[in-house]
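With the numbering used here, the residue at position 137 of the sequence shown is 151, and numbering never jumps. Even glycine gets a Cβ: it sits at the ideal position worked out from N, Cα and C. Single-structure report; data block below.
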Amino acid sequence: MDQIPKPVRSALLAASLICAAGFAMLPASQASPLTQKDAENPAATPSAARENDRLRNVALSDAFERPDTCRGFDPVKRYGPELQFQIRRNDAPVGRHSVTFNQGRDGLQVIAQSNIDISFLGFNAYSFAYRSESMWQGNQLTRLSVTVDDDGKKTSVRATRDQDHLIVDGPDGIQTMLAGIFPTDHWHCGVLAGKSVLNTITGKANAVDITPYGSEMLRTTNGTIQATEFTYDGELETNAWYDHQGRWVGLQFKARDGSTITYRCMNCQTRTARKDQG
């Protein structure tokens, strides 16, 4: 990178994605929503908050095939052994993201990996590597190990369940959270009903408001599929898409340099897809 002009190098490194699905979300102070939909919080009073939650639950039910779609979620049955995404920056391919599922006697093992490489004039201008290994029992996280190499800067997050709590050791020290919190890796649609998420980059709990919007035809690498968009607002901001069976099928967010990062599904079960002419 020493041969790249310093202003260009700085601009490229500003694209530090701090991503990899969920990981693919920046703190709200560093990112902007992809679209401005509703910046106001209608829950100004307890009664308004209850009504807001009721409407949100109705919208969640309408988004999926059954009201219990996200309870008892079995990723092996929903996805198969692996879920794959192409990562694109301003619509140019820059990397891959994969999630593999292995059901064993000790529970469900989930391994998520992202690799991103951005080149400029033939030089490697930026690289990012992420690996997360988690164990699940009864749809609850019991153990998590994350390693990140953000262009040479290495960090890690470790989490272990202790009765009703999750003890998380991250870059800023130890945090204690209630058991049942979902990490920011998106594959389990149970996260959509929560008010906070475990940020697998920082090791902190982030308050979020996740709102479902309308159904649309979402582009994949092999066609388009009917999916519902969910927008994260609060301490994390991103847009995620799920199909009618609660399967994660897409992601999009703004990087720090203002570029658009898109996760485009490569092996989604697209029985309802039509050929992509674009």
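According to DSSP, is residue i part of a helix, a strand, or is it coil?
i: Gly272; result: coil
i: Leu135; result: coil
i: Arg261; result: coil
i: Cys203; result: helix
i: Pro197; result: strand
i: Pro185; result: coil
I'd like the span of the beta strand (DSSP E) that includes residue i, first residue to last.
i: Lys209; result: Here Lys209 belongs to no beta strand (DSSP E), and DSSP marks it neither H nor E.
i: Pro107; result: 106–118
i: Arg157; result: 154–164
i: Arg80; result: Here Arg80 belongs to no beta strand (DSSP E), and DSSP marks it neither H nor E.
i: Gln98; result: 96–103
i: Val253; result: It should be pointed out that residue 253 corresponds to Asn in this sequence rather than to Val. Looking at the DSSP string, the run of the beta strand (DSSP E) that includes Asn253 is 250–256.
i: Thr174; result: 167–176
Could you tell me the alpha carbon to alpha carbon distance between residue i and residue j, rounded to whole angstroms?
i: Asp296; j: Ser141; result: As shown, the chain starts at 15 and ends at 292. That puts residue 296 outside it, with no answer to give.
i: Thr214; j: Asp199; result: 8 Å
i: Val182; j: Leu155; result: 12 Å
i: Ser7; j: Thr114; result: Only positions 15 to 292 of the chain appear in this structure, which leaves residue 7 out of reach.
i: Leu31; j: Asp176; result: Low confidence applies here, because Leu31 scores a pLDDT of 41, under 50, leaving its location unreliable; read the following figure in that light. Roughly 32 Å separates the two Cα atoms.
i: Asn253; j: Thr225; result: 10 Å
i: Val160; j: Ser112; result: 14 Å
i: Phe137; j: Gly86; result: 46 Å
i: Gly166; j: Ser61; result: 49 Å
i: Pro95; j: Gly121; result: 15 Å
i: Trp150; j: Arg270; result: 32 Å
i: Arg110; j: Ala126; result: 11 Å
i: Asp82; j: Gly237; result: 28 Å
i: Thr174; j: Lys168; result: 21 Å
i: Arg172; j: Arg261; result: 26 Å
Just to confirm, is the Cβ distance from residue i to residue j under 8 Å?
i: Asp223; j: Ala241; result: no
i: Gln117; j: Asn281; result: no
i: Ala221; j: Ser229; result: no
i: Leu232; j: Ile239; result: yes
i: Ile101; j: Ile132; result: no
i: Ile195; j: Gly184; result: no
i: Val124; j: Tyr144; result: no
i: Asp158; j: Ser148; result: According to the sequence provided, residue 158 is Leu. The question's Asp does not apply to it. The answer is yes: Cβ separation under 8 Å.
i: Ala193; j: Leu212; result: no
Between which two residues does the alpha helix (DSSP H) containing residue i stretch?
i: Lys218; result: Counting along the chain, Lys218 falls outside any alpha helix (DSSP H), and DSSP gives it neither H nor E.
Worksheet item: Three or more beta-carbon pairs under 8 Å between the stretch 187–206 and the stretch 72–87, yes or no?
Response: Result yes; three or more Cβ-Cβ pairs closer than 8 Å.
Worksheet item: Taking contact to mean at least 3 C-beta pairs separated by less than 8 Å, is the stretch 179–188 in contact with the stretch 262–277?
Response: By the Cβ rule, the stretch 179–188 does not count as touching the stretch 262–277, because fewer than three pairs are nearer than 8 Å.
Worksheet item: Would the stretch 94–110 and the stretch 269–277 be scored as touching if the rule is three or more Cβ pairs under 8 Å?
Response: Segments in contact, yes.
Discussion item. For the stretch 235–250 against the stretch 82–97, do three or more pairs of beta-carbon atoms, one drawn from each stretch, fall closer than 8 Å, so that the two count as touching?
Written reply: Contact between the stretch 235–250 and the stretch 82–97 is absent: fewer than 3 CB-CB pairs across the two stretches fall below 8 Å.
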